[in-house]
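Protein chains in written order, with the numbering used here: chain A, 100 to 332; chain B, 668 to 790.
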C-alpha cells in the first residue's frame with residue numbers, strides 16, 4: 100500500500116472528527132496533502148497529527164465515539180492506533196488560541212482524550228479545505244505552520260524532522276504563502292526572529308536523512324528567504 | 668490513566684525547559700554564540716565550498732581578498748574567502764567540500780566560498 104493511500108485511508112476513518120469546525124491536520128502530513136493531488140511524496144513520519152482547538156475538545160470526544168477503527172493507545176491516550184496496521188497512528192494535539200509561546204505548553208487532563216496543548220500551535224490558522232473523493236480535510240495555512248515548525252526547539256531526530264517539514268512546506272508554498280510568512284515574522288519579537296533564522300540556517304546545512312526529502316535541494320530557496328527575513332528585521 | 672498524564676506532563680515540562688534554553692541561546696547571539704550563528708549564515712548563503720591550500724590562500728590575499736571576519740573569530744581561526752566562481756580555476760588546490768554541518772567542513776582551516784547569485788554577506 101502506497102503511503103498516500105495509507106494516509107488518506109487513515110484520514111477517512113477520522114472524518115467525523117475532521118468535520119468539526121476548527122479541527123485540522125497539522126505537522127508533517129500537511130506538505131504531503133498540499134502537494135498536487137495530495138501526492139504525499141514528502142514523507143518524514145509515519146503518523147498524522149490532528150489539531151484540536153481546546154474549545155472543541157468535547158465535540159471531538161463525542162465524534163470519537165463514532166470511530167470504531169481506532170482506539171487510544173493504552174500508554175498514551177492522546178495517540179490513537181488503528182486496528183488495521185496499514186493505517187497511520189493519529190496524534191491528537193491541542194491548540195489554545197490564548198497561548199503564543201512554547202513555554203506556555205500545558206496538559207489538558209481528560210480520561211478519554213488528554214491533550215498536550217502546544218503553545219506554538221496558536222500560529223496555525225485554518226487554510227484550504229482539501230477534498231479527495233469523499234474525504235474532506237481542513238489544512239492550516241502554510242505560513243503559520245512554517246512559523247510553528249521553525250520556532251520549535253530542536254531536539255534529536257524529532258527536531259530534524261520538524262525542519263524537514265519546514266522544507267516540505269517551502270516546497271509547496273505559493274508566493275502568497277511566503278508573503279504571509281514574512282508578515283507573521285515581522286510581528287515576532289527579536290528572540291523569535293533570531294530562532295527562525297537560526298533554524299533556517301540549520302536546515303540549509305542539514306545532512307540528508309535516509310528516505311526523507313534532501314535539504315540540499317532547497318538550499319538556495321532557504322538562503323533567499325533568510326535574506327528576505329533579514330531585510331524585515 | 669494517571670501514568671499517561673505523567674508522561675504528558677513530562678513532555679510538556681521538557682518542551683517548556685527547551686524553550687527557556689532557547690531563549691538563553693538567542694540572547695547569546697550577540698555574544699560568543701553569535702560567531703556560530705554568523706558562520707552558519709555565511710555557509711547557508713554559499714552555493715559551494717572549496718578547501719584550499721595555504722599557498723592558494725596567499726594568492727587570494729595577494730589579489731586583494733580579505734578573509735571573512737567570522738572565520739577569524741574562531742579558535743583556531745579559519746580563513747574563509749568569498750570568491751566568484753570563475754576565480755576557482757586559478758586555485759589549483761581547490762577541492763569541493765559538501766556544504767553541511769560536519770566535522771569535514773569545520774576542520775578546514777582555509778575555505779573558498781561561492782555565494783548564491785545575488786546574495787550578499789553583510790556583517
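Glycine is no exception: its CB is placed at the ideal position from the N, C-alpha and C atoms.
Can you tell me whether DSSP reads residue i as helix, strand or coil?
i: residue 746(B); result: strand
i: residue 251(A); result: coil
i: residue 118(A); result: coil
i: residue 715(B); result: strand
i: residue 171(A); result: strand
i: residue 198(A); result: coil
i: residue 188(A); result: strand
i: residue 142(A); result: coil
i: residue 300(A); result: helix
i: residue 751(B); result: coil
i: residue 183(A); result: coil
i: residue 768(B); result: coil
i: residue 234(A); result: strand
i: residue 762(B); result: strand
i: residue 725(B); result: helix
i: residue 740(B); result: coil
i: residue 307(A); result: coil
i: residue 774(B); result: helix
i: residue 225(A); result: strand
i: residue 779(B); result: strand
i: residue 671(B); result: helix
i: residue 135(A); result: helix
i: residue 220(A); result: helix
Rounded C-beta distance between residue i and residue j? I'm assuming under 8 Å.
i: residue 207(A); j: residue 153(A); result: 6 Å
i: residue 707(B); j: residue 251(A); result: Contact flag wrong, Cβ pair sits at about 18 Å.
i: residue 149(A); j: residue 178(A); result: Going by Cβ atoms, the distance from residue 149(A) to residue 178(A) rounds to 11 Å, so no, they are not a contact pair.
i: residue 240(A); j: residue 221(A); result: That pair is no contact at about 13 Å.
i: residue 122(A); j: residue 180(A); result: The Cβ separation is near 19 Å, so there is no contact.
i: residue 204(A); j: residue 683(B); result: 6 Å
i: residue 259(A); j: residue 308(A); result: 6 Å
i: residue 786(B); j: residue 326(A); result: 6 Å
i: residue 737(B); j: residue 709(B); result: 6 Å
Alpha carbon to alpha carbon, what distance is there between residue j and residue i?
i: residue 298(A); j: residue 313(A); result: 16 Å
i: residue 236(A); j: residue 193(A); result: 17 Å
i: residue 778(B); j: residue 732(B); result: 13 Å
i: residue 128(A); j: residue 142(A); result: 8 Å
i: residue 291(A); j: residue 690(B); result: 8 Å
i: residue 783(B); j: residue 270(A); result: 18 Å
i: residue 764(B); j: residue 704(B); result: 20 Å
i: residue 752(B); j: residue 284(A); result: 33 Å
i: residue 126(A); j: residue 330(A); result: 28 Å
i: residue 724(B); j: residue 748(B); result: 8 Å
i: residue 671(B); j: residue 217(A); result: 17 Å
i: residue 310(A); j: residue 144(A); result: 10 Å
i: residue 262(A); j: residue 702(B); result: 22 Å
i: residue 296(A); j: residue 775(B); result: 25 Å
i: residue 279(A); j: residue 286(A); result: 11 Å
i: residue 740(B); j: residue 209(A); result: 53 Å
i: residue 767(B); j: residue 711(B); result: 9 Å
i: residue 135(A); j: residue 756(B); result: 42 Å
i: residue 306(A); j: residue 157(A); result: 43 Å
i: residue 197(A); j: residue 247(A); result: 15 Å
i: residue 729(B); j: residue 762(B); result: 20 Å
i: residue 264(A); j: residue 288(A); result: 23 Å
Check this for me: beta carbons of residue i and residue j, under 9 Å apart or not?
i: residue 674(B); j: residue 174(A); result: yes
i: residue 162(A); j: residue 112(A); result: no
i: residue 293(A); j: residue 788(B); result: no
i: residue 719(B); j: residue 760(B); result: yes
i: residue 187(A); j: residue 233(A); result: no
i: residue 138(A); j: residue 686(B); result: no
i: residue 266(A); j: residue 317(A); result: yes
i: residue 277(A); j: residue 219(A); result: no
i: residue 151(A); j: residue 214(A); result: yes
i: residue 133(A); j: residue 229(A); result: yes
i: residue 302(A); j: residue 321(A); result: yes
i: residue 679(B); j: residue 780(B); result: no
i: residue 110(A); j: residue 171(A); result: no
i: residue 185(A); j: residue 108(A); result: yes
i: residue 223(A); j: residue 130(A); result: no
i: residue 120(A); j: residue 155(A); result: yes
i: residue 124(A); j: residue 249(A); result: no
i: residue 275(A); j: residue 714(B); result: no
Can you determine whether any heavy atom of the ligand SAH sits closer than 8 Å to the C-beta of residue i, and answer yes or no?
i: residue 282(A); result: For the structure depicted, the ligand SAH is absent and the ligand set is empty, with no information on it obtainable.
Report task. May I ask you to list, following chain order, the residues of the segment 669 to 684 of chain B that have a beta carbon less than 7 Å from some beta carbon of chain A? Result -> Answer in chain order: 671, 672, 674, 675, 676, 678, 679, 682, 683.
Query raised in the report: Listed in chain order, which residues of the segment 745 to 777 of chain B have Cβ atoms closer than 9 Å to some Cβ of chain A?
Result: The segment 745 to 777 of chain B vs chain A, Cβ under 9 Å: 765, 766, 767, 768, 769, 772.
Report task. Could you please tell me which residues of the segment 190 to 202 of chain A, in chain order, have their CB closer than 8 Å to any CB of chain B? Result -> Identification of residues in the segment 190 to 202 of chain A having a C-beta nearer than 8 Å to some C-beta of chain B yields 200, 201, 202, given in sequence order.
**Report entry** Short-range partners of chain A found in the segment 709 to 732 of chain B, where Cβ spacing is below 9 Å
**Finding:** Taken in chain order, the members of the segment 709 to 732 of chain B whose beta-carbon sits within less than 9 Å of a beta-carbon on chain A are 710, 711, 712, 713, 714.
Query raised in the report: Taking a cut of 9 Å between CB atoms, which residues from the segment 306 to 330 of chain A lie near chain C?
Result: Here the protein chains are A and B, and chain C is not one of them.
Query raised in the report: Which residues, in order along the segment 129 to 143 of chain A, keep a beta-carbon less than 8 Å from a beta-carbon of chain B?
Result: So the list is empty, because no residue satisfies the distance condition.
**Report entry** Contact set between the segment 150 to 170 of chain A and chain B, restricted to residues whose Cβ is under 8 Å from the partner
**Finding:** So the list is empty, because no residue satisfies the distance condition.
Query - Under 7 Å (Cβ pairs) to chain B, residues found in the segment 256 to 287 of chain A - result: Residues of the segment 256 to 287 of chain A with a C-beta atom less than 7 Å from some C-beta of chain B do not occur.
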